[in-house]
Amino acid sequence: MYRKPTRDESTLINRALDKWGAFEFFKGRLLMMKENASKIVCLMPAELEVITRMQPFLAGLVIGELKKQFVPSMAGADLFARSRKRNKFYIIVNENAEKLVLYGRDIMGESIVEASDTLGENELVIVLNSRLEAIGIGRTRFAGRSLLQKGRVTVTTLSDAGYYLREEG
Amino acid sequence: MTLIFSESVESVDLAARYGYDRWLVGRFLEYVPGVEDFLEKMERPPTQYIRVNTLKTSRKELETRLSSKGFELKRTSIPEVLAVEKAPIATGATNEYLFGHYYIQDLSSCMAVDALDISKDQAVLDVAAAPGGKTTFIAQKMENTGSIIALEPNERRARAMSFNLARCGVYNACILRRDGMHAEKLQMKFDRVLLDAPCSCEGVIAKDATRKTSHTPQDVDYCAARQDKLIEAAAMMVKSGGILVYSTCSFAPEENEIVVDRLLQKLGNVAVEPLKYGSSGLTRFGDMKFDNQLMNTRRLYPHVHDTTGFFIAKLRVS
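Protein chains in written order, with the working numbering: chain C, 220 to 388; chain R, 377 to 694.
Here's what the structure looks like:
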């Protein structure tokens, strides 16, 4: 079932969009909630709102899921990364790690090319390749400079762009 | 009823040489120009095409990136579509594919979308839409504005389609699990309707050689009966002045010209508009003669147009 977000949900979503530097991009655009076992956030043009009453299999683009906080989907991460307002919640990995992330593997400290010193432990981050394209979503295992330590997994990969192929196949 | 022609020395010889059922080659001799060249072409893998997803990248950027990986690409008559002349790795295994920068899609299929003459902010109905190749092309032509309703009754196919829409960054589409035969239940009218009808797939024998002998006249009959119902249902969904594009990947006139001809006879408010690609549709088959407008429909032949076998009709509903 699709519905408009409640006020509390809107607040959580807007906070998340702000966090990912994508608030401006989404300003004035329609976000709808799809609620089953989980709460999915979908971006769609206003014209589709009326169709959501027909109980579609899917309407618009799933940009993330609302749990205790908003967790972006890969499609959401891609849109956020394209909004060109990168901030500390994005990390960049090297080419070798890019291949591994696309197979769902976690990220070793030495393969992180750029990460903010101010990132905390257990933070959600969008993983970018050297071209600044979203390749995955991760969670930090360490804070600040410790993210770059060699020989250890420092970011857990939660989802990745290779998922489309693995799931589809 | 699928027309079967008397066997000739030529049909028997060609059927034996290329491993087809005789009835099928006998029919090809009636509606495929240069049948031997055609049968020869069907022995080779078809040219692969990719369609640039302009929602995520530009043609130039994609050409540069894939060229740096050793791909050789050639531009085609549709600006967004590139022919893959050399692929050092599988075309579906690049990062650019994963990121949704392109979609593997035959040129003929893109021509069907091109025939819709889509512009931004329109309402579009895509009947029998999965796996979503045409839907994603429509979305990029609309720059993610307006609305696309994609009908796909099968859950597994709808799910596969949802992955393709997400990969390509499409957000102006929705998937309804409905059969196109009952499209009228939507109680809506659309500026553009695309019906790429389920068909007997005669045009894709190069991809699936088992069709040389597994294909039967009953398949054609079955598909044609469904197509008659689908095209009528689809035509009823078009706003006055809007366009319905009907396409199949079959050569069989029973699934193409005859279906369109029946629609023209049944509804008085449909006209066939000309298209810029392909060869003219048939205006006669066996002892049947069709409306002259059928000349405006288009047939795409693998050995002539280097696409999969395809049929496209652009119909204006007034």
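Positions of the beta carbon are idealized from the N, C-alpha and C atoms, including for glycine.
Given the structure is predicted, the values throughout are model-derived calculations rather than measurements.
Between the region 505-517 of chain R and the region 527-542 of chain R there are three or more C-beta pairs closer than 8 Å, enough to call the two in contact. Chain C has no Cβ within less than 7 Å of the Cβ of R/Ser444. Around the Cβ of C/Thr225, a 10 Å sphere holds fewer than 16 other Cβ atoms; the residue is exposed. Counting only the Cα atoms, C/Leu351 lies some 11 Å from C/Glu333.
Straight-line spacing of the CA atoms in C/Phe289 and C/Ile282 works out to 10 Å. Counting only the Cα atoms, R/Thr378 lies some 9 Å from R/Glu631.
In the DSSP assignment, R/Ile607 falls within the unbroken alpha helix (DSSP H) covering 593-611. Nearest CB-CB separation between C/Met252 and chain R: not below the 7 Å threshold.
For R/Val546, the C-beta contacts it makes with chain C under 7 Å involve Leu280, in order along the chain. When C-beta atoms of the region 644-658 of chain R are compared with those of the region 425-443 of chain R, fewer than three pairs fall below 8 Å, so the two segments do not count as touching. C/Val344 sits in a strand when the DSSP states are folded into three classes.
Measuring C-alpha to C-alpha distances from R/Asp637 to each of R/Lys450, R/Thr673, R/Val596 identifies R/Thr673 as the nearest. For the region 463-494 of chain R, residues whose beta-carbon sits nearer than 7 Å to a beta-carbon of chain C comprise Asn471, Leu474, Phe475.
Chain-order list of chain C residues neighbouring R/Arg543: Tyr383, by C-beta distance under 7 Å. Distance from the CA of R/Leu620 to the CA of R/Pro629, rounded to the nearest whole angstrom, comes to 19 Å. By the Cβ rule, the region 343-359 of chain C counts as touching the region 375-386 of chain C, because three or more pairs are nearer than 8 Å. According to DSSP, R/Val460 shares a beta bridge with R/Gln424, R/Leu449. Among the residues of the region 262-278 of chain C, those with a Cβ less than 7 Å away from any Cβ of chain R are Leu262, Met263, Pro264, Glu266, Leu267, Ile270, Met273, Pro275, Phe276, Leu277, Ala278, in the order of the chain.
Between R/Lys450 and R/Pro464 a beta carbon distance of about 16 Å is seen, past the 8 Å cut, so the two are scored as non-contacting. At a cut-off of 7 Å, the C-beta of C/Ala294 has a neighbouring C-beta in chain R. By the CB criterion at 7 Å, R/Leu492 and R/Phe566 fall outside the cutoff. According to the DSSP assignment, C/Ile354 belongs to the beta strand (DSSP E) that extends over 353-359. Contact between R/Val546 and R/Asn520 holds, with the beta-carbon distance rounding to 7 Å and staying under 8 Å.
By the neighbour-count definition (other C-beta atoms within 10 Å, threshold 16), R/Pro650 is an exposed residue. With fewer than 16 neighbouring CB atoms inside 10 Å of its own CB, R/Lys436 falls in the exposed class. Neighbours of C/Leu321 in chain R, taken as residues whose beta carbon is under 8 Å from its own, are Asn471, Leu474 in chain order. Contact between R/Leu390 and R/Val408 is ruled out by a C-beta separation of about 11 Å, above the 8 Å threshold. C/Glu254 and C/Met220 have their C-alpha atoms some 6 Å from each other. Around the beta carbon of R/Ser576, a 10 Å sphere encloses 16 or more other beta carbons of the protein chains shown; the residue is thus reported as buried. Judged by their CB atoms, C/Leu250 and C/Leu267 are not nearer to each other than the 7 Å cut-off.
The Cβ atoms of R/Gln603 and R/Val635 lie closer than 7 Å to each other. C/Glu342 does not reach chain R, its nearest Cβ partner there being about 24 Å away, counting only Cβ pairs nearer than 7 Å. Between C/Leu343 and C/Lys307, the CB-CB gap reaches or exceeds 7 Å.
For the region 508-527 of chain R, the residues whose beta carbon sits under 8 Å from a beta carbon of chain C are, in order, Asn520, Thr521, Gly522, Ser523, Ile525.
With 16 or more other Cβ atoms inside 10 Å of its own Cβ, R/Pro678 counts as buried.
Our two residues, C/Phe276 and R/Asp482, have alpha carbons roughly 27 Å apart in a direct line.
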